[in-house]
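Participant:
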Amino acid sequence: MKVLITGIAGFIGYYTALNALSRGLEVVGIDNLNDYYQTSLKVSRLHQLGLTGNDGHSDKYPNLKFMKSDIADLAAMSRLFEVEKFDVVIHLAAQAGVRYSIENPHSYIKSNAEGFLNILEGCRHNKVEHLVYASSSSVYGENSNIPFSTQDPVDHPVSLYAATKRSNELMAHTYSHLYGIPTTGLRYFTVYGPWGRPDMAPFLFTKAIMNNEPIKVFNEGNMERDFTFVEDIVEAQMHLIDKPPGPGQDYSKPNSSKAPFRIYNIGNSNPVRLMDFIETLENAIGKKAEKIMMPAQPGDVSRTYADVEDLFKLTNFRPQTSIDLGLAKFVSWYKGYYS
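Per my numbering, residue -17 is the first one in the sequence shown, and the count goes up by one each step.
(1) Please name the residue or residues paired with aspartate 113 in a DSSP beta bridge.
(2) Report the residue from Leu31, Lys225, Asp137 and Ile274 whose alpha carbon sits nearest the alpha carbon of valine 71.
(3) For phenylalanine 187, collect the residues of the same chain with a Cβ closer than 8 Å to its Cβ; drop the 5 residues on either side in sequence, then sort them by chain order.
(4) Fully enclosed by the stretch 173 to 197, which beta strand (DSSP E) runs are 3 residues long or longer?
(5) Tell me, please, which residues DSSP counts as bridged to serine 118.
(6) So, under 8 Å CB-CB, proline 253 and arginine 300 are touching, yes? Tell me the CB distance rounded to an integer number of Å.
(7) Grouping DSSP H, G and I as helix and E and B as strand, with all else coil, what is aspartate 214?
(8) So, for alanine 288: in the same chain, excluding its five sequence neighbours on each side, which residues have a beta-carbon less than 8 Å away from its beta-carbon?
(9) Is there contact between the stretch 189 to 204 and the stretch 79 to 91, where contact requires at least three CB pairs shorter than 8 Å?
(10) Taking only the alpha-carbon atoms, compute the straight-line gap between phenylalanine 68 and asparagine 108 and give it to the nearest angstrom.
(11) May I have the straight-line CA-CA distance separating tyrosine 161 from aspartate 55, to the nearest angstrom?
(12) What would DSSP say about methionine 220, mapped onto helix, strand or coil?
(13) Can you check whether the CB of leucine 99 is closer than 8 Å to the CB of methionine 153?
(14) Between glutamate 322 and proline 229, what straight-line distance do the alpha-carbon atoms span, to the nearest angstrom?
(15) Please state the DSSP three-state secondary structure of arginine 300.
(16) Could you give the C-beta distance for alanine 241 and serine 158, rounded to a whole number, given that I count them as a contact under 8 Å?
(17) Taking aspartate 292 as the reference, which of Lys273, Gly281, Asp258 and His221 has the closest Cα?
Now the structure itself:
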């Protein structure tokens, strides 16, 4: 199986590449290495994959190839798909961040809308057998049904980031319906772990605590998140790549369709209070945090909670790494990386 991984230098992309290579798959990875956060971390992830030179070939994995490329570049994407002839596409590249989307909306349309269209067109014209793409729990907005189910309506996003992720799901359905492309959308719930993004709470809080700086606790700490360890996210994802959806039955439910289209939640199904999360992180670091209580930020939601029964029924797998173990692994990596 030949797999394209977009965003391979990103957090989830890096772990996806490791998992795919461990399964003996042929992997082509692309990334534009943008400066949304420091590119040095992205380059370090590539180095872990043996991508240390300029020729795009790994000195650790002979079946891995890397190209620096932007999914918003239509000509580059067209050439890539035509030349490589992928069996499966795992699309993870996107402009991330809820709060950043308030300040920089145009970058989200370029990457998350135009870029995703280029991926869909590549799949359409080159007979890709299965497109697996990253969506987000943010599409649920302030959903009051607990836990969040893929059968819940998702018509009220509260950030442009969430709106672009929902648009990806609608665009994927259109291409599944018109061209018969099997598409699987994955709604990730608050992913964390070693090599994580610097704009996420585990990284921000750990950095501040280690440097004896205060942390900002938004919404006065009255938030819950379904923190999900990155290796669980990727394991669930890889269980699904060889299970492309077939035609469904009807359009009577939000996640039902006559097209080969499905959406799954991937979350730990165990929401953690923000203050409990901070306490667990303090214990892992061995130091207390100075806290500055802040109001809620635009675009934030108060709670996330994944219903993963559909995922479990199909794959017999559900994420289950505890927050204690996951944060301990993250802190251990952080101390080693930034020693």
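Even glycine gets a Cβ: it sits at the ideal position worked out from N, Cα and C. Computed from a predicted model, the values in this text were never measured in an experiment.
Facilitator: Looking at the atomic coordinates:
(1) Residue 113 sits at position 131 when you count from the first residue of the sequence shown. The identity of residue 113 in the sequence shown is leucine, whereas the question assumes aspartate. Leucine 113 pairs with Val71 and Thr165.
(2) In the sequence shown, counting from the first residue as 1, residue 71 sits at position 89. For valine 71, the nearest C-alpha among the options comes from Lys225.
(3) Residue numbering aside, residue 187 sits at position 205 when the sequence shown is read from its first letter. Only Ile197, Ile260, Leu263 and Ala271 meet the Cβ criterion.
(4) Qualifying beta strand (DSSP E) stretches: none in this window.
(5) The count along the sequence shown starts at 1 and reaches residue 118 at position 136. Serine 118 pairs with Tyr170.
(6) Against the sequence shown, residue 253 aligns to sequence position 271. Against the sequence shown, residue 300 aligns to sequence position 318. Contact flag wrong, Cβ pair sits at about 15 Å.
(7) Here residue 214 refers to the residue found at position 232 when the sequence shown is read from its first residue. For aspartate 214, the secondary structure class from DSSP, reduced to helix, strand or coil, is helix.
(8) Translated into the one-based positions of the sequence shown, residue 288 becomes position 306. Setting aside the 5 residues that flank it on each side, alanine 288 is surrounded in the same chain by Ser119, Pro129, Phe130, Arg169, Phe171, Asp208, Thr210, Asn247, Ile248, Gly249, Asn250 and Ser251, each with a C-beta closer than 8 Å to its C-beta; the list follows chain order.
(9) The answer is no - the stretch 79 to 91 does not touch the stretch 189 to 204, with fewer than three Cβ pairs under 8 Å.
(10) Start at 1 with the first residue of the sequence shown, and residue 68 comes out as number 86. Start at 1 with the first residue of the sequence shown, and residue 108 comes out as number 126. Approximately 8 Å between the Cα atoms of the pair.
(11) The count along the sequence shown starts at 1 and reaches residue 161 at position 179. The count along the sequence shown starts at 1 and reaches residue 55 at position 73. Cα to Cα, the separation comes out at about 22 Å.
(12) Here residue 220 corresponds to residue number 238 of the sequence shown, with the count starting at 1. In the structure shown, the three-state DSSP call for methionine 220 is helix.
(13) Position 171 of the sequence shown, counted from the start, is the residue given in the question as residue 153. Position 117 of the sequence shown, counted from the start, is the residue given in the question as residue 99. When the beta-carbon positions are compared, methionine 153 and leucine 99 come within less than 8 Å of each other.
(14) No information on residue 322 is available, as it lies outside the stretch -17 to 321 that the chain covers here.
(15) Start at 1 with the first residue of the sequence shown, and residue 300 comes out as number 318. Coil.
(16) For the purposes of this step, residue 241 is identified with residue 259 of the sequence shown, where counting begins at 1. For the purposes of this step, residue 158 is identified with residue 176 of the sequence shown, where counting begins at 1. Yes, they are in contact, since the Cβ atoms of alanine 241 and serine 158 sit about 4 Å apart, within 8 Å.
(17) Residue 292 sits at position 310 when you count from the first residue of the sequence shown. Of Lys273, Gly281, Asp258 and His221, the residue nearest in Cα terms is His221.
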